[in-house]
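Undergrad:
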Amino acid sequence: MALKGVPLRVPVTATFFRTSHFCLTERDCLDTSVFMQDGAPPHIARAVHGLLLDHFGDDRVISRIFPIAWSPRSPDLNPCDFWLWRFLKDCVYGGNIRNLPELKASIPRHDSAIDRETL
5 MALKGVPLRV
15 PVTATFFRTS
25 HFCLTERDCL
35 DTSVFMQDGA
45 PPHIARAVHG
55 LLLDHFGDDR
65 VISRIFPIAW
75 SPRSPDLNPC
85 DFWLWRFLKD
95 CVYGGNIRNL
105 PELKASIPRH
115 DSAIDRETL
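Each residue of the sequence shown is one higher than the last, beginning at 5 in the working numbering.
Printed below as a string of structure tokens:
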């Protein structure tokens with residue numbers, strides 16, 4: 005998982021969700037955004053459920069425990085799964101990666117090179 009584009013090296017738990025803030029607030033788009041997550045246990049803990057209700061309400065969260073159910077393998081709802089990860093993988097492995105540090109350096113470099121219009 006990444007927060008503000010920075011890969012996280014911490015477990016994504018209910019505590020993580022409670023203590024991290026949503027970057028949507030800073031972008032002033034919280035009122036017009038929909039939050040989507042899968043049904044992994046940390047994502048549906050009671051504390052997380054309450055936090056998401058506070059920020060988004062019952063009608064703007066797509067998740068296993070909300071009225072709008074998670075739709076697995078849906079390209080309309082998961083563009084990252086169906087476009088972004090494949091695109092990044094092609095970019096990253098299109099070069100000559102010799103070791104793990106080069107791989108780790110290549111991913112954010114290619115990620116930040118994707119222009120705003122493409123995303």
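Here a beta-carbon is modelled for each residue, glycine too, at the ideal position from N, C-alpha and C.
1) Under the assumption that Ile69 contacts His53 (Cβ atoms under 8 Å), give the Cβ distance between them as a whole number of angstroms.
2) Looking at the structure shown, is Ile118 part of a helix, part of a strand, or coil, going by DSSP?
3) Assign Leu56 to buried or exposed, taking buried as 16 or more other Cβ atoms, counted over all protein chains shown, within 10 Å of its Cβ.
4) Classify Phe86 as helix, strand or coil using the three-state DSSP reduction.
5) Can you grab the Cα-Cα spacing for the pair Leu123 / Asp62, in whole Å?
TA: In this structure, then:
1) 6 Å
2) coil
3) buried
4) helix
5) 27 Å
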